[in-house]
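My numbering applies: residue 4 is where the sequence shown begins, and numbers increase by one. By construction, the Cβ of each residue, glycine as well, lies at the ideal position given by its N, Cα and C atoms. Values in this document were obtained by computation on a predicted structure and should not be read as measured data.
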Amino acid sequence: MLSFLSDRNTPSASQTETPPPKWQVYFSPRGGATSAKVQALNNAKSTVLVQAYSFTSHPIADALVRAHRRGVEVQAILDRSKRTQKYNTADMLVRVGIPVLIDASHAIAHNKVMIIDNDVGVTGSFNFTKAVEERNAENLLIIRNKQITALYVGNWRLDKDHSSPFYPQALR
């Protein structure tokens with residue numbers, strides 16, 4: 004795994020835990036980016052907002068479902084291509100009660116973003132797919148900064164406003 008961590012604060016004698024780094028960078032293939040996304044989702048406490056272009060990763064979908072079942076509010080905005088994709092994680096997310104919206108207002112809804120607890124932003128070229136972890140040269144950036152994350156939340160809300168609900172293939 005290739006991962007770069009920001010400078011950490013030097014813990015005082017009274018601290019028992021080292022605070023998480025302000026940012027982390029991962030590269031693929033085989034750089035641990037999928038595991039980093041799953042770990043970030045496993046730590047979610049209140050909300051997860053997702054924007055994804057391609058989404059076929061079972062580990063990431065499973066982590067979203069687990070978060071939802073823990074009581075975390077999970078919502079996703081996906082590209083319009085998910086409406087007709089044969090093997091689609093969007094179907095699974097909707098079936099377990101996670102709201103999925105389709106952004107059909109853009110030529111391609113090419114965002115690859117997760118916003119966790121309005122505090123952690125996960126972004127980069129890394130699509131939510133198996134191929135990205137195993138074959139593609141990609142990058143992933145995890146940012147722990149409320150001001151930067153607030154910008155991503157604002158953009159997510161703008162895109163939500165012009166998106167429409169996704170319905171599983173069995174219900175269409």
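- Comparing C-alpha distances from Ile118 to each of Ile151, Ala36 and Ser166 shows the shortest one belongs to Ile151.
- Counting only runs of 3+ residues, the beta strand (DSSP E) found wholly inside the stretch 70-158 occupies 76-82, 103-106, 116-119, 123-127 and 141-147, in chain order.
- Taking a cut-off of 8 Å on C-beta distances, the stretch 61-71 does not touch the stretch 142-149, as fewer than three cross pairs fall below it.
- Counting only runs of 3+ residues, the beta strand (DSSP E) found wholly inside the stretch 24-63 occupies 26-31 and 50-55, in chain order.
- Below 8 Å, too few C-beta pairs join the stretch 121-131 and the stretch 97-112 to call them touching: fewer than three.
- Lys133 and Pro32 have their C-alpha atoms some 10 Å from each other.
- Around the beta-carbon of Leu154, fewer than 16 other beta-carbon atoms lie within 10 Å, marking it exposed.
- Phe131 and Phe58 do touch by the CB rule: their CB atoms are close to 4 Å apart, below 8 Å.
- For Phe169, the closest C-alpha among the options Ala64, Arg160, Asp106 and Phe129 is that of Asp106.
- In terms of Cα proximity to Ile111, the closest of Ala55, Ile63 and Met95 is Ala55.
- Taking C-beta separations shorter than 8 Å and ignoring five residues to either side along the sequence, the partners of Lys163 in its chain run Gln78, Ile80 and Leu104, following chain order.
- Excluding five sequence positions before and after Glu76, the CB atoms of its chain that fall closer than 6 Å to its own CB belong to Thr50, given in chain order.
- For the pair Pro171 and Val97, the CB atoms are nearer than the 8 Å cut-off.
- Note on geometry: alpha-carbon atoms of Leu44 and Asn158 lie some 20 Å from one another.
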